[in-house]
Amino acid sequence: KKTFEGDQVLRIVPKDEVQLSLIKDLEDMIELELDFWKDVTDVDTPVHIRVPSHGLQSTRMYLESQGIDYSVMIEDLQVILDEEQEEMDSAAR
Amino acid sequence: APRNTDNFDYSRYHTIEEIYSFQDMLVAENLGMVSKIVIGSSYQGRPLNVLKFSTGGSNRPAIWIDTGIHSREWVTQASGTWFAKKIVSSYGRDPALTAILDKMDIFLEIVTNPDGFYYTHNSNRMWRKTRKPNPGSSCVGVDPNRNWDAGFGGPGASNSPCSETFRGPRAHSESEVKSIVDFVKQHGNIKAFVSIHAYSQMLLYPYGYTRTPVQDQNELHALAKRAITDLASLYGTRYRYGSIINTIYQASGGTIDWTYNQGIKYSFTFELRDTGRYGFILPANQIIPTAQETWLALMAIMDHTLKNPY
Chain V
70 KKTFEGDQVL RIVPKDEVQL SLIKDLEDMI ELELDFWKDV TDVDTPVHIR VPSHGLQSTR
130 MYLESQGIDY SVMIEDLQVI LDEEQEEMDS AAR
Chain U
2 APRNTDNFDY SRYHTIEEIY SFQDMLVAEN LGMVSKIVIG SSYQGRPLNV LKFSTGGSNR
62 PAIWIDTGIH SREWVTQASG TWFAKKIVSS YGRDPALTAI LDKMDIFLEI VTNPDGFYYT
122 HNSNRMWRKT RKPNPGSSCV GVDPNRNWDA GFGGPGASNS PCSETFRGPR AHSESEVKSI
182 VDFVKQHGNI KAFVSIHAYS QMLLYPYGYT RTPVQDQNEL HALAKRAITD LASLYGTRYR
242 YGSIINTIYQ ASGGTIDWTY NQGIKYSFTF ELRDTGRYGF ILPANQIIPT AQETWLALMA
302 IMDHTLKNPY
């Protein structure tokens, strides 16, 4: 079963067209294996990206070097998934 | 296990087996109104079940609703289950729903991508696509919302099997898509088609593959506005609305672009509730509020379809 220890979901709000374009460029960085939960659309519309733990440092460095602000929406995805599974197991019991 | 659909726990997430069992119970409890149609099977051989809600007649004008084509969007399958129960419990009580079912049939496919849904429960909670292998690639599956014959292969879909938006080798290559295509064509009298996704809080109409506005843009825009206004009346959840290409991005091969081009004027796609905190891991306590508010928007679309025959 695939697990997601250390994976984070980042929330990014592009401030202008330049940032929008720079965030779009992340989609082409295949090696980071980013999963766009909420895709890039417009300026001021949040983008949610699941970043595997192995790509966190590179993704953050990219965003910071381009001056793009971000926040962490989900700190550790597997923690949330474990809670979800526990809730399902509990309800089933 | 619940013995009937009254005891089914709508406030939690369920496995595919539990949803299949729910469907059978609903049919057994409502033999005069609900039947189960198997429109095909998934790549891995699971049945593609559609619940038909009908009060009689033959080949009546119909409304199609599907949930869960992107398997990880669990709140959609859960909402679909709630809708099914809501339809049978509202008939004869809610005048608007009763009027709709007295003239029209409703088809509801709760688990549109069963292989993917099973996979999210057992192997990868974040899985979105189908589970058909791609020859020559180690990456599995196709995005079933890029696989329709509407601008297929154009911008806004990937030709890489490893992409989350892989369009597939050809239009309708996925049995989960082809089965709906065949059903819609064979039926020939579907007047509204609503495909439900999660999450981003949007109600969208065609097109996604081209900037050319649909012929019915004004009517669809006004109807979308009314639907999201009704939706917001319950919990204040705010939706954006408009054409796919203008509201989100260009996407080719999408479901409702194909249905609109088939002549189904009232073609819409939803992106359901987003708390902004959990994404696809929406807590189970959000299921019923999400379904309740979405139902109001669905009623607006279904009521408009009933009152504006074409």
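Which chain is which? The protein sequence lines are V and U, in order. With the first letter of the first sequence counted as 1, position 74 gets the number 143 in the working numbering; the numbers rise by one all the way through. With the first letter of the second sequence counted as 1, position 17 gets the number 18 in the working numbering; the numbers rise by one all the way through. We treat Cβ as the ideally placed atom computed from N, Cα and C, and that holds for glycine.
DSSP three-state call for residue i: helix, strand or coil?
i, result
"R4(U)", "coil"
"T341(U)", "What is shown of chain U runs 2 to 311, which leaves residue 341(U) out entirely."
"R241(U)", "strand"
"F73(V)", "coil"
"D151(V)", "helix"
"W83(U)", "helix"
"E220(U)", "helix"
"A97(U)", "helix"
"T68(U)", "strand"
"Y11(U)", "coil"
"L49(U)", "strand"
"S268(U)", "strand"
"F118(U)", "helix"
"S55(U)", "coil"
"P290(U)", "helix"
"M157(V)", "helix"
"G151(U)", "Sequence inspection shows Ala at residue 151(U); the Gly mentioned does not correspond to that position. In this structure, A151(U) counts as coil in the three-state DSSP scheme."
"Y250(U)", "coil"
"K192(U)", "strand"
"G142(U)", "coil"
"A301(U)", "helix"
"E177(U)", "helix"
"A228(U)", "helix"
"V89(U)", "helix"
"S140(V)", "strand"
"D275(U)", "coil"
"L204(U)", "strand"
"D104(V)", "strand"
Looking at residue j and residue i, is the spacing between their C-beta atoms short of 9 angstroms?
i, j, result
"M113(U)", "L49(U)", "At residue 113(U) the sequence reads Thr, which differs from the Met that was named. For T113(U) and L49(U), yes; Cβs fall inside 9 angstroms."
"W65(U)", "A158(U)", "no"
"P115(U)", "I17(U)", "yes"
"W83(U)", "I246(U)", "no"
"R126(U)", "L150(V)", "yes"
"W277(U)", "P115(V)", "Sequence inspection shows Gly at residue 277(U); the Trp mentioned does not correspond to that position. A contact, by the Cβ cut-off of 9 angstroms."
"Y139(V)", "M98(V)", "no"
"A298(U)", "Y250(U)", "no"
"S36(U)", "S55(U)", "yes"
"V215(U)", "Y261(U)", "yes"
"F269(U)", "S174(U)", "no"
"L89(V)", "V120(V)", "no"
Run through chain U and tell me which residues come within less than 9 angstroms of residue i, C-beta to C-beta.
i, result
"T110(V)", "S201, T248, I249 and Y250"
Along chain U, which residues have their Cβ under 7 angstroms away from the Cβ of residue i?
i, result
"K107(V)", "S201"
Going along chain V in order, which residues have a C-beta closer than 7 angstroms to the C-beta of residue i?
i, result
"S196(U)", "Going along chain V, no residue has its Cβ under 7 angstroms from S196(U), so there is no contact; the nearest lies around 17 angstroms."
"A285(U)", "E156"
"Y14(U)", "M157"
"D10(U)", "A160"
Taking Cβ-Cβ distances shorter than 9 angstroms, what residues in chain V pair up with residue i?
i, result
"D258(U)", "Within 9 angstroms Cβ-Cβ: nothing; D258(U) doesn't reach chain V, min ~17 angstroms."
"N123(U)", "K70"
What residues from chain V crowd round residue i, counting only those whose CB sits closer than 8 angstroms?
i, result
"F281(U)", "W106"
Exercise for review: Could you list the residues in the region 140-154 of chain V with a C-beta less than 8 angstroms from some C-beta on chain U, going in chain order?
Suggested key: M142, I143, L146, I149, L150 and E153
**Study point:** Interface positions of the region 201-222 of chain U facing chain V (Cβ-Cβ less than 7 angstroms), listed along the chain
**Key:** Correct list: S201.
Practice item. Identify each residue in the region 162-194 of chain U for which the Cβ-Cβ distance to at least one residue of chain V is less than 7 angstroms, and report them in chain order. Key: E165
Practice item. Evaluate contact between the region 247-263 of chain U and the region 144-158 of chain U, counting only Cβ atoms and requiring at least three cross-stretch pairs below 8 angstroms. Key: yes
**Study point:** Proximal residues, the region 126-137 of chain U versus chain V, C-beta separation under 8 angstroms
**Key:** R126 and M127
Check your understanding: Taking contact to mean at least 3 C-beta pairs separated by less than 8 angstroms, is the region 299-307 of chain U in contact with the region 213-230 of chain U?
Key -> yes
Review point. Taking contact to mean at least 3 C-beta pairs separated by less than 8 angstroms, is the region 30-48 of chain U in contact with the region 227-242 of chain U?
Key: no
Point to revise | Residues in the region 117-129 of chain V having any Cβ partner in chain U nearer than 9 angstroms | key: H117 and R119
**Study point:** Stretch-stretch touch, CB-based, cutoff 8 angstroms, three pairs: the region 21-31 of chain U with the region 5-12 of chain U
**Key:** yes
Check your understanding: Any residues in the region 73-91 of chain V with a beta carbon nearer than 8 angstroms to a beta carbon of chain U? Which ones, in chain order?
Key -> Residues of the region 73-91 of chain V with a C-beta atom less than 8 angstroms from some C-beta of chain U are F73, V78 and R80, listed in chain order.
Review point. Which residues, taken in chain order from the region 259-278 of chain U, show a beta carbon closer than 8 angstroms to some beta carbon of chain V?
Key: D275, G277 and R278
Check your understanding: Using 8 angstroms as the Cβ pair cut-off and three pairs as the minimum, do the region 90-97 of chain U and the region 132-144 of chain U touch?
Key -> no
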